[in-house]
Amino acid sequence: MRSYIKKIAYKFLPPIIWDLLTFGKREFCNRVKSEIRSGIFRNGFNGVYKTWDEAAALCGSYDSEQIIEKCKQSLLKVKQGEAIYERDSVLFNKIQYSWPLLAGLLYSATKSNLRLDVLDFGGSLGSSYYQNRNFLQGIQKLSWNIVEQSNFVQVGKKHFEDGILNFYDSIESCVNGRDQKINVFLASSSFPYVKDPFELIKK
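The opening position of the sequence shown corresponds to residue 25 in the numbering used here, with each subsequent residue numbered one higher.
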């Protein structure tokens, strides 16, 4: 259909129109390619740096007191039943489930005799736990362990830790000396912010 319309257009439009269209299309494509190379269309921050530490030094930090306080207030409302769902400190009136994640959690639990021990790396103050807890009530042995920055861990232990939800400042402190092994490692969107994510996976 498209080629048929093009053939008809060729018969009625003067050659100069086709020349202008071809030129405009070529210029537009070149402009887009140039802007992509310059980073205008890229998400996030970009640049040329010699080391990870050099780039990280120019970025803001997630452990600022304002961010922690906003996350705390939002998740306290979820915990106390005053709000339905939180993500990145933003409250929603409906839970937005990640069905693949939930399926993976339940599958791991059923393969481990209804035991679920989650290591939630970069899990804030329990966003994913509160998101999925309604579906986890039938699990007999549930332990949701968040590994976060020390400031988040302090707030988490004070306001959210309850025997199921636990907070640690390193993977080692989370896994060492456990009676039950971790059977789910969750790292939702955290790896891009880690200096050496592959070393993290090996742990």
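Using N, Cα and C, we set each Cβ at its ideal position, and we do this for glycine too. This one's a predicted model, so the numbers in the text were calculated from it and none came from an experiment.
Using C-beta distances below 6 Å, list every residue in its chain close to residue i, excluding the 5 sequence neighbours before and after it, in chain order.
i	result
L224	V218
S136	N207
K226	none
F145	V171, A211, S214
N156	L126
Y121	none
Q90	none
S2	Only positions 25 to 227 of the chain appear in the structure, and residue 2 is not among them; the question remains open.
Check the C-beta distance from residue i over to residue j and give it rounded, since I have them as a contact under 8 Å.
i	j	result
I170	G147	4 Å
L210	Y154	Contact flag wrong, Cβ pair sits at about 14 Å.
C95	L149	5 Å
Y109	K118	7 Å
L126	F159	6 Å
Apart from the five residues on each side of it in sequence, which residues of its chain come closer than 8 Å, Cβ to Cβ, to residue i?
i	result
K181	F191
L138	G162, I163, Q164, K165
E185	F191
Q204	R139, D141, K165, S167
P124	none
I195	L143, F145, V171, L224, K227
L115	S98, K101, V102, A107, I108, Y109
G128	V208
Let's see if you can read the secondary structure: which residues bound the alpha helix (DSSP H) around residue i?
i	result
Y131	123–135
E78	76–81
Y154	151–156
V199	195–199
E223	221–226
Could you give the residue range of the beta strand (DSSP E) that holds residue i?
i	result
K182	Counting along the chain, K182 falls outside any beta strand (DSSP E), though it belongs to the alpha helix (DSSP H) covering 174–183.
V171	165–171
F215	Where F215 is concerned, there is no enclosing beta strand (DSSP E), given that its DSSP letter is neither H nor E.
V142	139–145
L115	114–116
C102	Residue 102 is actually Val in this sequence, not Cys. Looking at the DSSP string, V102 is not in any beta strand (DSSP E); the run it does join, the alpha helix (DSSP H), is 89–103.
N190	189–192
Y109	109–111
V72	Unbroken run through V72: none, as it is neither H nor E.
L210	208–210
Given residue i, which residues of its chain have a CB within under 7 Å of its CB, disregarding the five upstream and five downstream residues?
i	result
Y131	none
S174	D193
I92	N175, F176, V179
Y73	A79
W76	K219
Applying the criterion that 16 or more other CB atoms from any shown protein chain within 10 Å of the CB defines a buried residue, is residue i buried or exposed?
i	result
L82	exposed
D141	buried
S151	buried
A133	buried
Comparing the C-beta of residue i with each C-beta of chain D, is any distance below 9 Å?
i	result
K182	Within the model displayed, chain D is absent; a lone protein chain is all it includes.
Does the Cβ of residue i lie closer than 8 Å to at least one heavy atom of the ligand PLP?
i	result
Y192	For the ligand PLP, the structure offers nothing, since it holds no ligand at all.
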